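Remarks on the structure that follows.
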Amino acid sequence: MNRDDLKNAVMDYMAGKLTCVEVVDAVTDYLEGAMGPFKWLRFQMHLGMCVGCRTYLKQMKQTIQALGRLPAEPIPPDIRDELVARFRTWKKK
Amino acid sequence: MTAGRKHYTFACRERSSHETRAWVRAGGCLTVWKGAALSGGQSLSDSVQSQSRASGADATSAGGGKRFPQDESRLLAALRAGDEGAFVMLVEQYHGSMLRLARAYVPTHEVAEEVVQETWLAVLEALDRFEARSSLKTWIFRILTTRAKTRGVREKRESVPPSINAENDPNQSAVDPSRFMTTGRFAGHWAVLPRAWEEDTPERLLLSKESRAAIERAIGALPETQRRVVILHDVEGLSPTEICNVLEISETNQRVLLHRGRSKVRRALEGYLEGEAGRG
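Going down the list, the sequences are from chains R and B.
Last residue of the first sequence: number 104 in the working numbering, and the count goes up by one each step with no gaps.
Last residue of the second sequence: number 283 in the working numbering, and the count goes up by one each step with no gaps.
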């Protein structure tokens with residue numbers, strides 16, 4: 012094994028032996044706590060070495076945050092009033 | 004002390020590897036374990052899951068505070084007592100969410116409105132029989148999806164089927180494959196690095212009508228099965244167990260759909276943000 016091969020092998024191991032494609036594939040398992048502890052460790056190692064994947068993970072988290080705060084369409088007053096009318100009818104029973 | 008330690012060891016053995024991971028993410032053994040309420044038949048796995056969701060919520064904010072007031076029992080009592088104000092509150096809280104979810108089953112907004120209104124009537128009908136085994140929200144969503152599914156099938160039968168089955172869309176990959184190297188030493192690694200978004204991007208996206216519409220469009224463009232999971236999990240903040248209840252799909256299946264759906268939304272947002280940056 013020459014020196015470059017050795018260097019590459021060391022870097023691959025420091026990156027958890029995961030490619031960025033694999034990290035992107037596994038990001039939901041990671042965020043949802045559905046990753047086994049060994050893979051999780053390798054995932055973390057990869058993140059430590061890879062700014063691209065750190066950025067991607069951050070974008071995912073931001074996407075989820077945006078989704079979580081999405082406001083719902085307010086109910087049109089006429090529909091609300093009709094539902095209240097139904098409620099009153101139901102109440103009487 | 005001895006009793007405590009014995010309890011800890013016992014609890015440890017019950018956890019699967021992914022629960023262990025969630026447990027570590029939640030900040031360490033004593034923190035979670037102390038906080039875990041092991042009373043009332045709740046298993047450690049359930050409490051770990053809720054703990055990890057609680058701490059994970061800081062990172063991901065799935066559902067971002069959409070869980071309705073903890074005093075749901077008071078709301079329920081008020082409803083059963085005929086308190087109109089309580090009903091108005093309920094309706095105003097959930098109507099929009101229900102519409103969005105219904106649209107993941109039926110083809111038009113009008114039909115979705117009908118389904119939601121029918122659901123409210125069904126909710127009133129069944130209110131006396133609600134046993135609070137699940138949350139009120141989950142229960143309402145369950146009634147909704149049952150009706151929406153039936154209606155959706157009916158609508159599809161009466162219309163022309165789509166020519167492309169979105170589920171089998173070859174463009175399924177989370178990220179455009181051209182973003183990655185395919186050959187050489189760095190095959191599988193980023194060829195074009197993703198560009199970091201502003202720290203306050205979620206807030207910024209929610210501020211303007213335009214960008215909110217962009218998110219809604221991204222959700223609307225998802226295949227229905229992915230859309231339902233993204234809505235329930237990330238928008239509405241339901242737990243995986245609750246989602247299993249509402250959608251009747253396994254957790255694994257859920258996660259795959261969530262992964263694909265979220266990835267597509269991220270990709271759409273990336274496109275939108277870069278378009279905005281280009282204009283600005």
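Yeah, the Cβ is synthetic: ideal placement off N, Cα and C, and Gly gets one too.
What you are looking at is a predicted structure, and each value in this text was computed from that prediction instead of being measured.
For residue j and residue i, believed in contact at Cβ under 8 Å, the rounded distance
i	j	result
residue 177 of chain B	residue 92 of chain R	Contact flag wrong, Cβ pair sits at about 45 Å.
residue 118 of chain B	residue 150 of chain B	5 Å
residue 42 of chain R	residue 238 of chain B	With 8 Å as the limit, residue 42 of chain R and residue 238 of chain B do not qualify as a contact, their Cβ atoms being about 16 Å apart.
residue 236 of chain B	residue 209 of chain B	Contact flag wrong, Cβ pair sits at about 18 Å.
residue 280 of chain B	residue 221 of chain B	Not a contact, Cβ separation roughly 17 Å.
residue 148 of chain B	residue 250 of chain B	7 Å
residue 83 of chain R	residue 258 of chain B	Not confirmed; about 25 Å, so no contact.
residue 158 of chain B	residue 114 of chain B	6 Å
residue 303 of chain B	residue 32 of chain R	There is no way to answer for residue 303 of chain B, as the model of chain B reaches only from 4 to 283.
residue 99 of chain R	residue 124 of chain B	Wrong, their Cβ atoms sit about 13 Å apart, outside the cutoff.
residue 102 of chain R	residue 85 of chain B	4 Å
residue 160 of chain B	residue 39 of chain R	34 Å between Cβ atoms; not a contact.
Interface partners of residue i on chain R, CB under 8 Å
i	result
residue 204 of chain B	73, 77
residue 191 of chain B	30, 31, 32, 33
residue 179 of chain B	Chain R residues near residue 179 of chain B: none, gap ~11 Å exceeds 8 Å.
residue 100 of chain B	83
residue 197 of chain B	63, 66, 67, 70
residue 273 of chain B	70
residue 258 of chain B	39, 40, 43, 45
residue 233 of chain B	78
residue 2 of chain B	The shown model of chain B, from 4 to 283, leaves out residue 2 of chain B, and the question about it has no answer.
residue 215 of chain B	81, 82
residue 269 of chain B	70, 71, 74
residue 230 of chain B	By Cβ distance, chain R contributes nothing, its closest Cβ being about 12 Å from residue 230 of chain B, past 8 Å.
Identity of the residue in the options nearest residue i by Cα
i	options	result
residue 227 of chain B	B:108, B:247, B:208, B:147	B:108
residue 63 of chain R	B:182, B:251, B:207	B:182
residue 78 of chain R	B:206, B:257, B:200, B:111	B:206
residue 246 of chain B	B:191, B:141, B:127	B:141
residue 53 of chain R	R:14, R:96, R:34	R:34
residue 187 of chain B	R:99, R:19, R:13, R:68	R:19
residue 195 of chain B	R:39, R:50, R:67	R:67
residue 87 of chain R	B:268, B:102, B:213	B:102
residue 135 of chain B	B:268, B:266, B:78, B:269	B:78
residue 199 of chain B	B:74, B:100, B:274, B:112	B:274
residue 76 of chain R	B:215, B:243, B:277, B:224	B:215
residue 225 of chain B	B:242, B:267, B:82	B:267
residue 201 of chain B	B:276, B:192, B:248	B:276
residue 144 of chain B	B:269, B:248, B:256	B:248
residue 128 of chain B	B:146, B:138, B:137	B:146
residue 217 of chain B	B:192, B:191, B:269	B:269
residue 130 of chain B	B:105, B:80, B:100	B:80
residue 3 of chain B	B:213, B:191, B:110, B:265	As displayed, chain B neither begins before 4 nor continues past 283, which places residue 3 of chain B out of reach and without an answer.
residue 190 of chain B	R:23, R:17, R:15, R:14	R:23
residue 223 of chain B	B:122, B:255, B:106, B:263	B:106
residue 240 of chain B	B:179, B:138, B:112	B:138
residue 133 of chain B	B:213, B:161, B:82, B:89	B:82
residue 120 of chain B	B:154, B:88, B:161, B:89	B:154
residue 89 of chain R	B:116, B:193, B:89, B:192	B:116
residue 85 of chain R	B:89, B:88, B:100	B:100
residue 197 of chain B	B:180, B:104, B:254, B:263	B:180
Cross-chain neighbours of residue i in chain R, by beta carbon under 7 Å
i	result
residue 183 of chain B	31, 32
residue 261 of chain B	39
residue 238 of chain B	78, 79, 81
residue 227 of chain B	The contacting residues do not exist; residue 227 of chain B stays about 17 Å from chain R at best.
residue 220 of chain B	What residue 220 of chain B touches in chain R: nothing, since even the nearest Cβ is about 12 Å away.
residue 250 of chain B	Within 7 Å Cβ-Cβ: nothing; residue 250 of chain B doesn't reach chain R, min ~16 Å.
Contacts of residue i in chain B (Cβ-Cβ under 9 Å)
i	result
residue 24 of chain R	What residue 24 of chain R touches in chain B: nothing, since even the nearest Cβ is about 15 Å away.
residue 19 of chain R	188
Neighbouring residues, chain B, relative to residue i (Cβ below 8 Å)
i	result
residue 94 of chain R	90, 94, 120, 123
residue 97 of chain R	123, 124, 127
Under 9 Å from the C-beta of residue i: neighbouring residues of chain R
i	result
residue 154 of chain B	By Cβ distance, chain R contributes nothing, its closest Cβ being about 18 Å from residue 154 of chain B, past 9 Å.
residue 157 of chain B	Those do not exist, as residue 157 of chain B stays about 22 Å from chain R at its closest Cβ, beyond 9 Å.
Within chain B, partners of residue i - CB distance below 7 Å
i	result
residue 16 of chain R	Result: empty, since nearest Cβ-Cβ is about 10 Å, beyond 7 Å.
*Using 8 Å as the threshold, is the segment 226–233 of chain B in touch with the segment 81–96 of chain B, meaning 3 or more CB pairs across them?*
Judged by Cβ distances under 8 Å, the segment 226–233 of chain B makes no contact with the segment 81–96 of chain B, as fewer than three pairs qualify.
*asked:* Can you pull out the residues from the segment 69–91 of chain R whose beta carbon lies closer than 8 Å to at least one beta carbon of chain B?
replied: Taken in chain order, the members of the segment 69–91 of chain R whose beta-carbon sits within less than 8 Å of a beta-carbon on chain B are 69, 70, 71, 72, 73, 74, 75, 76, 77, 78, 79, 80, 81, 82, 83, 84, 85, 86, 90, 91.
_Whether or not the segment 26–33 of chain R and the segment 50–59 of chain R are in contact is what I'm after, with contact meaning three or more pairs of Cβ atoms, one per stretch, closer than 8 Å; do they touch?_
By the criterion of at least three beta-carbon pairs nearer than 8 Å, the segment 50–59 of chain R is in contact with the segment 26–33 of chain R.
*Got a sec: which bits of the segment 124–148 of chain B sit with their beta carbon under 7 Å from any beta carbon on chain R, in order along the chain?*
Using a CB distance below 7 Å, the part of the segment 124–148 of chain B facing chain R consists of 124, 127, ordered along the chain.
*So does the segment 202–216 of chain B actually touch the segment 69–77 of chain R, counting three or more Cβ pairs closer than 8 Å?*
Judged by Cβ distances under 8 Å, the segment 202–216 of chain B makes contact with the segment 69–77 of chain R, as three or more pairs qualify.
*Check each residue of the segment 103–117 of chain B: if its Cβ is closer than 9 Å to any Cβ of chain R, include it; give the result in chain order.*
Under the 9 Å Cβ criterion, the segment 103–117 of chain B contributes 103, 116.
*What residues from the segment 47–72 of chain R come within 8 Å of chain B, judged by C-beta to C-beta, listed N to C?*
If the cut-off is 8 Å between Cβ atoms, the segment 47–72 of chain R has 47, 48, 51, 61, 62, 63, 64, 66, 67, 69, 70, 71, 72 near chain B.
*Output, in sequence order along the chain, the residues in the segment 76–90 of chain B whose CB is closer than 8 Å to any CB in chain R.*
Correct list: 85, 87, 90.
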